[in-house]
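Comments concern the structure below.
Numbering (the UniProt record's numbering), first residue to last: 1 to 751.
Printed below as a string of structure tokens:
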């Protein structure tokens, strides 16, 4: 193209870009990923001026370091009320305040990640004022985040970790939920770019590099183990189970006595009859019966205590899961639309969570289960079908109640809406009868009184408690009816309902001669109920530091988390289940441990770290309790890694939180101590993963060094020329999806 001539001293117009540049000029020149802060992290590290040019920092949504004033934000944000800095001694109590607080008043305060819910005490600069209306009205909702192809709603575990990431960001998009909590800011600043003097920065940057390398090594080694397990499962013969009947009897007994009282999927006498028929001719049995028996045995293996055969048993059990999944994924035939097929689907959903085989994706599979059940009419009560037998009608009610329970739990874990509401079905609760009181010849049921405990009592109780739990899941993960639009009075009412349900649960547990079975039922049912309290109050707990109104949420969050971490009475079988399982059992660990860590950090922020070298000082009784709980969480996290968990970041974050109880101040030395604790945690986790890989026969040598550069020499480390690549960010350290920012927007591509 011929350049346009210069006429009469008029300069040619600058070249137009097809899209606005979002990265700073220095990052574009160096061709590195820009975090779009002002100044950005790379420019701070390299001590270069950071310019975006042509006002792009304001026009393109670049995050600046000054927040808008509180009053201006509330003027542009509907229904928002300013936060209370203090409560008068003669003013109303928190309870009376709660009764007057409208649902709209919590719109911004409950949205910890919402860009429109900015409230802080910083002075607003003129440049930010020009863009205030855009910030306040931009349709962003930080309660959700997008990781590649997956959407994580408010109740998903990743959103439990956003608070640390937000504390690290400039305060433009910092919510009042975390305003002025120094310990959370300190946790996030462990790997920030500007700490102390140049020498200290070199140490911190080197620690950051080592942490990133260890994370990569753990990730690659875990992938190797998973790939090896998949290959071994697919190579096993896919015929009838090649195990002794005595062992199979034991596994089936474990399932029936531990899980069937909560998830009523089978009619026990009918199943035992089918089971005995199967063993008379295993090769001639129908496929659906074979799969049903295999899945029952697979779930029962979680209770098996013979450690000498653990690896082989779990390998076989997981292979049965793959066989069932393959059968369900095959060509659809009419025989798949049956009660037995639906039982296989429900057993597979439960088995995937118990044995940690795709347990984090069960909400997707629940869609197929629901549609199969509705196609069969399970959402309509059997009383509408006059020709239906009593036994079949009772099995259908039990199956429908189990499907609803599995769905609300999966929705809470996935951060998604429950599939159905209470108005979408009219199926009644299962009858209060024992299994041996109903069979194919039964013409009429003789129900026991509600006060009488039967084999169906616990499922009936959970079915009747669905309303408040569905309401919590919908308010947290819905679009139009979100948690931020409810009043605090309604939140307190929901909490009171769930708390009362937890207290009365023990009266509905079936009585048996085995204390272990009773305690297992109690712990499992309590987990299915109490975990909703942690999800509900975690977004509100940290605000109690500045507003006593929310002390109730802080108290409920930590109480529920402590009860979940250390259930009473203790049960070794249940403890093994929550250490090995995924889905319900994995997320229980994440939410509860982070709730305890956050409470401990807030306590340290309020009281200050304890100087243990002083003989006259020591931690308070409350802090000791929190530290013991966090130590219990660390121990359980380590054990989960030993048993197959690949999430090493949770252990690292909890280790940093524990170290903060010992480290005082904001000096570079204290930052180094926290970074060192992260490194030590990852080293321990990597050693555990290596040991597991060796025990499972994974070829370590052929996999390389797992991401650690062989040529790295600490003596040649140059922080001036060191930049983190796009595969390692602060988001990675604290679980936030690295591909998207805190507002759910895609990060700019690397320039």
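Glycine included, every Cβ here is placed at the ideal spot set by N, Cα and C.
Would residue i be called buried (16 or more neighbouring beta carbons within 10 Å of its own) or exposed?
i: residue 405; result: buried
i: residue 628; result: exposed
i: residue 415; result: buried
i: residue 123; result: With a pLDDT of 37 at residue 123, under the threshold of 50, the modelled position of that residue is not reliable, and no figure is offered here.
i: residue 522; result: buried
i: residue 602; result: buried
i: residue 319; result: buried
i: residue 606; result: exposed
i: residue 177; result: Confidence is the limiting factor: at residue 177 the pLDDT is only 30, short of 50, which leaves the residue's position unreliable, though a coordinate-based value still follows. Buried.
i: residue 451; result: exposed
i: residue 246; result: exposed
i: residue 279; result: exposed
i: residue 436; result: exposed
i: residue 637; result: buried
i: residue 572; result: exposed
i: residue 276; result: exposed
i: residue 608; result: exposed
i: residue 465; result: buried
i: residue 372; result: buried
i: residue 446; result: exposed
i: residue 248; result: buried
i: residue 691; result: exposed
Once the 5 residues before and after residue i are set aside, which same chain residues still bring their CB inside 8 Å of it?
i: residue 528; result: 262, 405, 409, 462 and 584
i: residue 321; result: 295, 298, 348, 351, 352, 355 and 357
i: residue 306; result: 313
i: residue 714; result: Unreliable placement is indicated for residue 714, whose pLDDT of 40 sits below 50; the coordinate value is still reported in the next sentence. Excluding sequence neighbours, residue 714 sits near 206.
i: residue 346; result: 263, 265, 369, 399, 402, 403 and 406
i: residue 449; result: 432
Given residue i, which residues of its chain have a CB within under 6 Å of its CB, disregarding the five upstream and five downstream residues?
i: residue 508; result: 457, 458 and 461
i: residue 203; result: 672
i: residue 48; result: 26
i: residue 96; result: Reliability fails at residue 96, whose pLDDT of 38 lies under 50, so the model's placement of it is uncertain and the value that follows must be treated cautiously. Counting only Cβ-Cβ distances below 6 Å, and skipping sequence neighbours, we find nothing.
i: residue 752; result: The structure shown has nothing for residue 752, since the chain only spans 1 to 751.
i: residue 641; result: 685 and 688
i: residue 255; result: 296, 299 and 300
Tell me which same chain residues have a C-beta within less than 7 Å of the C-beta of residue i, skipping the five on either side of it?
i: residue 632; result: 565 and 566
i: residue 327; result: 287 and 291
i: residue 427; result: 378, 379, 380, 381, 397 and 400
i: residue 264; result: 398, 401, 402, 430, 456 and 459
i: residue 303; result: 254, 258 and 573
i: residue 218; result: 648, 682, 685, 686 and 689
i: residue 222; result: 646 and 689
From the options, pick the residue whose C-alpha is nearest to that of residue i; which is it?
i: residue 472; options: 523, 530 and 434; result: 530
i: residue 623; options: 639, 231 and 661; result: 661
i: residue 634; options: 621, 607 and 682; result: 682
i: residue 392; options: 604, 368 and 431; result: 431
i: residue 421; options: 478, 48 and 256; result: 478
i: residue 36; options: 51, 46, 29 and 30; result: 51
i: residue 470; options: 443, 533, 488 and 445; result: 533
i: residue 441; options: 490, 363, 418 and 390; result: 390
i: residue 386; options: 339, 444, 365 and 449; result: 444
i: residue 590; options: 247, 302, 535 and 600; result: 535
i: residue 268; options: 537, 395, 31 and 317; result: 395
i: residue 752; options: 324, 376 and 506; result: Because the chain is modelled from 1 through 751, residue 752 falls outside the range shown and cannot be assessed.
i: residue 289; options: 582, 256, 424 and 338; result: 338
i: residue 216; options: 679, 695 and 694; result: 679
i: residue 491; options: 501, 569, 504 and 476; result: 476
i: residue 500; options: 468, 555 and 270; result: 468
i: residue 433; options: 41, 325, 511 and 454; result: 454
i: residue 582; options: 225, 251 and 646; result: 646
i: residue 293; options: 498, 344 and 260; result: 344
i: residue 625; options: 648, 362, 600 and 649; result: 600
i: residue 553; options: 650, 586, 576 and 493; result: 493
i: residue 151; options: 212, 331, 694 and 361; result: 361
Quick test of your reading: residue i and residue j, contact by CB under 8 Å. State the CB separation rounded to the nearest angstrom.
i: residue 596; j: residue 562; result: 7 Å
i: residue 538; j: residue 557; result: 5 Å
i: residue 419; j: residue 359; result: Rounded, the Cβ-Cβ distance is 18 Å, inconsistent with contact.
i: residue 580; j: residue 643; result: 5 Å
Quick one: does residue i have its CB under 8 Å from some CB of chain D?
i: residue 397; result: Absent from the structure: chain D. Only one protein chain is present.
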